[in-house]
Each structure stands twice: as structure tokens, then as C-alpha cells.
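Colleague: Right, I'll just put the structure down here and ask away after.
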Amino acid sequence: MGSGTPPLVSIIIPVHNSGSWIRGTIDNVLSQSYPCCEIIIVDDGSTHNTKHLIDAHYSESVKYVYQDNAGPARARNRGVDLASGEYIQFLDSDDFLIPEKIARQMAVFTANPECHVAYCDFAFTSDGMNIGIEESPAAYKEKYGTENVFEALLDGNFIVIHSPLTRTDVIRSCGAFDATLASDEDYDLWLKIAAKGYRFCFVPGVLAFYRRRGNSVSTNLFKQSKGTLQVLNKAKNYRAKLTEQERINLRRNLSREHGWTSRHYLHQGHYSKGLSALMQSTVNNPINGLT
1 MGSGTPPLVS
11 IIIPVHNSGS
21 WIRGTIDNVL
31 SQSYPCCEII
41 IVDDGSTHNT
51 KHLIDAHYSE
61 SVKYVYQDNA
71 GPARARNRGV
81 DLASGEYIQF
91 LDSDDFLIPE
101 KIARQMAVFT
111 ANPECHVAYC
121 DFAFTSDGMN
131 IGIEESPAAY
141 KEKYGTENVF
151 EALLDGNFIV
161 IHSPLTRTDV
171 IRSCGAFDAT
181 LASDEDYDLW
191 LKIAAKGYRF
201 CFVPGVLAFY
211 RRRGNSVSTN
221 LFKQSKGTLQ
231 VLNKAKNYRA
241 KLTEQERINL
251 RRNLSREHGW
261 TSRHYLHQGH
271 YSKGLSALMQ
281 STVNNPINGL
291 T
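Written out as C-alpha cells, the structure reads:
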């Protein structure tokens, strides 16, 4: 990046009946200290008053597009198609960033031209609050700054959707989000990017906040586990040959997810499915040897 006008950052916000949150999210983005941002709102089939709200308060500040309801992955992909920026920031309609987030991550890109993804720590918050109330999991923090991001990701995702700022060409080169997944399409994207050898840079500090809501996709743990298993079975083929440690991490993660799925099925009285998932958990456990 040379002198002159700073590179443009496209901030992509998928929206589906998020009227109670979207104004706060847009205001949060408008408060970013980085001067060159475009805001793209992809309305994923809202039946509430989203368009009216945008027209009334933000018509000069955002690029708004409507599509029939197709899910968050396709909504984000629509935003990627529309993005004019050299970098992309994804942000869900109920989450928020500190005002300096993009500026701090752009500074890392300036200092490290070989960086392709700049990611950060985050904190959880809840309905009605705009402050962090719970730190990110310790298992995430242990992986921050790792040199082998692909290997670390195979053992579990540690990068939430709005943590990274990512070069647009990198996202497009990896096909953006897989809309066929039940969930965890962001996890899949980070794995694809890391498998191709793109460089991830960790930016210290809590720069993003993740809101827990009772009806959010991430609270549907069974659906999320199903999506994780789909992602991991895809990831087996993202490199021609996995290292021994990558195979161990992948199998450990598969074993964990199958074990959780087994407990869910057994608790629901679906004994055949529960025992099948338990068998998969046992087979994939790394202590049973590598294949």
C-alpha cells in the first residue's frame, strides 16, 4: 500500500428481520476511525421494516440490496460480489466493533504486506448490552498467533466471523462461503484460506463483540455440530496430503463432534442414530491409531 488515498474497506452486513439491532450496528460502523469504508447491507428477505429504516436514516451512508431469503452464506456472498473495497469486514446485524478495529488491522497490513488475513480477539455480550461480559474461550486464546493456522483450525475454529479483516481477492479466490452447509460456513472459509497457504496475522486485543441471543444460529448447538462435521469432512481434501499432526487434530475434532451428536440423539431417544454417532466418535479418536 502506497501513499495517497487509503485502501477502501467493504463492510458487509447480512440482515434478516433485525430491525431491533440494525440501527445500532450501522451507527457502530459509522463510528469507525478508519476513513475509507463502504457499508453494504444485504437484506435476506426481511418481512419487517428494514428497507424503510435504511431509506429514512441511512440512504446516503449505505449500499442496500434486497434478495429473497436464502440464508446468511448467500447473503454474504452477494455482498462479496458487490464489494468495491480491497479488504472485506464481515459483521452480523447484532454484533459490533470497537471504533479503532479496522484502523488497527489496516495498520498491520501496511506493516506486513505479506499478510492476507488480520484477525483479533473478541468478547461475548448479550441482549441489551454493548459491553463485553465474558472473554473468548481459553481454547481460542491458546491458538491466537499460531504460525500453522490450518493445523490449529483442524482442531477447532477459533476465528469468529467479524474478527478478521481479509483481502477481497483472497476471499474470492477461495469461492467465498459454501451455502450448502448447515452452519459454520465461516469456519469452512478460514480453512480454505489457510489450506492455500495465505498468511494470517494476529492483532492483539479485544476489537470485536459477539452478541449471544436465544434465537441465534450459534445457540442451536445440534445444527452447529452438523455443520462442523460437514466442514471437517470437506477439509480432509483441502490439501493433497495432511501432516501427522493435522490428521491427529482433524480426527480429534471429528471424534468430539460425533460424541456430542451421539449424546444429543441418545437424549432424544434416537438410539440407533446415537449408537452410530458414538461408533464414529470412537473410530475417529486419535488414541485408536492413525489411518
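With our numbering, the residue at position 278 of the sequence shown is 278, and numbering never jumps. Where a beta carbon is used, it is the ideal one built from N, C-alpha and C, also for glycine. All of these numbers come straight from a predicted model, not from anything done at the bench.
1. Does DSSP put D44 in a helix, in a strand, or in coil?
2. My output table needs one value for A83: the three-state DSSP class, helix, strand or coil.
3. Could you give the DSSP three-state label for Y271: helix, strand or coil?
4. Taking the C-alpha atoms as reference points, what is the distance between T219 and V108?
5. Check the C-beta distance from D81 over to G45 and give it rounded, since I have them as a contact under 8 Å.
6. Going by Cα to Cα distance, which pick from S262, L266 and H267 is closest to S281?
7. Report the residue from E151, E135, V42 and A182 whose alpha carbon sits nearest the alpha carbon of N249.
8. Excluding the 5 residues flanking I26 on each side, which residues of the same chain have their C-beta closer than 6 Å to its C-beta?
9. Determine the burial state of M293: buried for a count of at least 16 other Cβ atoms within 10 Å of its Cβ, exposed for fewer.
10. Please state whether the Cβ-Cβ distance between I342 and V117 is less than 8 Å.
11. With DSSP run on the structure shown, which of helix, strand or coil describes R76?
12. If you drop the 5 nearest sequence neighbours on each side, which residues of the same chain put their C-beta closer than 6 Å to that of P164?
13. In the DSSP assignment, find the alpha helix (DSSP H) that holds K226 and state where it starts and stops.
14. Starting from T168 and walking both ways along the alpha helix (DSSP H), at which residues does that stretch end?
Modeller: So, from the data block:
1. Taking the first residue of the sequence shown as 1, we reach residue 44 at position 44. D44: strand per DSSP, three-state reduction.
2. In the sequence shown, residue 83 corresponds to position 83, counting from 1. In the structure shown, A83 sits in coil (DSSP, three-state: anything other than H, G, I, E or B).
3. In the sequence shown, the residue the question calls residue 271 occupies position 271. Y271 falls in the helix class under three-state DSSP.
4. Here residue 219 is taken as the residue at index 219 of the sequence shown, counted from 1. Here residue 108 is taken as the residue at index 108 of the sequence shown, counted from 1. A caution first: T219 carries a pLDDT of 46, below 50, which makes its placement in the model unreliable, though a value can still be read off. Spanning the two alpha carbons is a distance of roughly 33 Å.
5. Against the sequence shown, residue 81 aligns to sequence position 81. Against the sequence shown, residue 45 aligns to sequence position 45. So it is not a contact: roughly 17 Å between Cβ atoms.
6. Position 281 of the sequence shown, counting from 1, holds the residue named residue 281. The shortest C-alpha separation from S281 is found at S262.
7. Walking along the sequence shown from the start, residue 249 turns up at place 249. Measuring from the Cα of N249, the nearest candidate turns out to be E151.
8. The sequence position of residue 26 within the sequence shown is 26, counting from 1. Excluding positions up to five away in sequence, the list reads Y58.
9. Residue 293 is absent from the model: the chain starts at 1 and stops at 291.
10. This structure leaves residue 342 out entirely; the chain is present only between 1 and 291.
11. Taking the sequence shown and counting its residues from 1, the one referred to as residue 76 is at position 76. Per DSSP, reduced to three states, the secondary structure at R76 is helical.
12. For the purposes of this step, residue 164 is identified with residue 164 of the sequence shown, where counting begins at 1. Same-chain partners within the cutoff: V117 and Y119.
13. The sequence position of residue 226 within the sequence shown is 226, counting from 1. Taken as a continuous stretch (DSSP letters only), the alpha helix (DSSP H) holding K226 covers L221 to A235.
14. In the sequence shown, residue 168 corresponds to position 168, counting from 1. From DSSP, the alpha helix (DSSP H) with T168 extends over T168 to S173.
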